[in-house]
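Taking it in order: structure first as structure tokens, then the write-up.
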Amino acid sequence: MKLNRYGAEACIIGEVKAEPQGIVAMRTGFGGTRIVDMLVSEQLPRIC
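Residues 21 to 68 (the working numbering) make up the sequence shown, in order.
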């Protein structure tokens, strides 16, 4: 992907793990972990 000019600045933003199953978690800037809640109602993009 990085060899293509459109992907030159591509980077890894996550990984898939077997456990915990069915959970989306993110690592905070302070090194903690937070569970990302499922979207409810209209599925609007998450703009952070």
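Even glycine gets a Cβ: it sits at the ideal position worked out from N, Cα and C.
Original post:
In chain order, what residues of the same chain have a beta carbon less than 7 angstroms from the beta carbon of Arg-54, not counting five sequence neighbours either side?
Top reply: Ala-45, Met-46, Thr-48
Original post:
Nearest-angstrom Cα distance between Tyr-26 and Ile-33?
Top reply: 17 angstroms
**OP:** Determine the extent of the beta strand (DSSP E) in which Ile-55 is found, giving its start and end residues.
**Re:** 53-55
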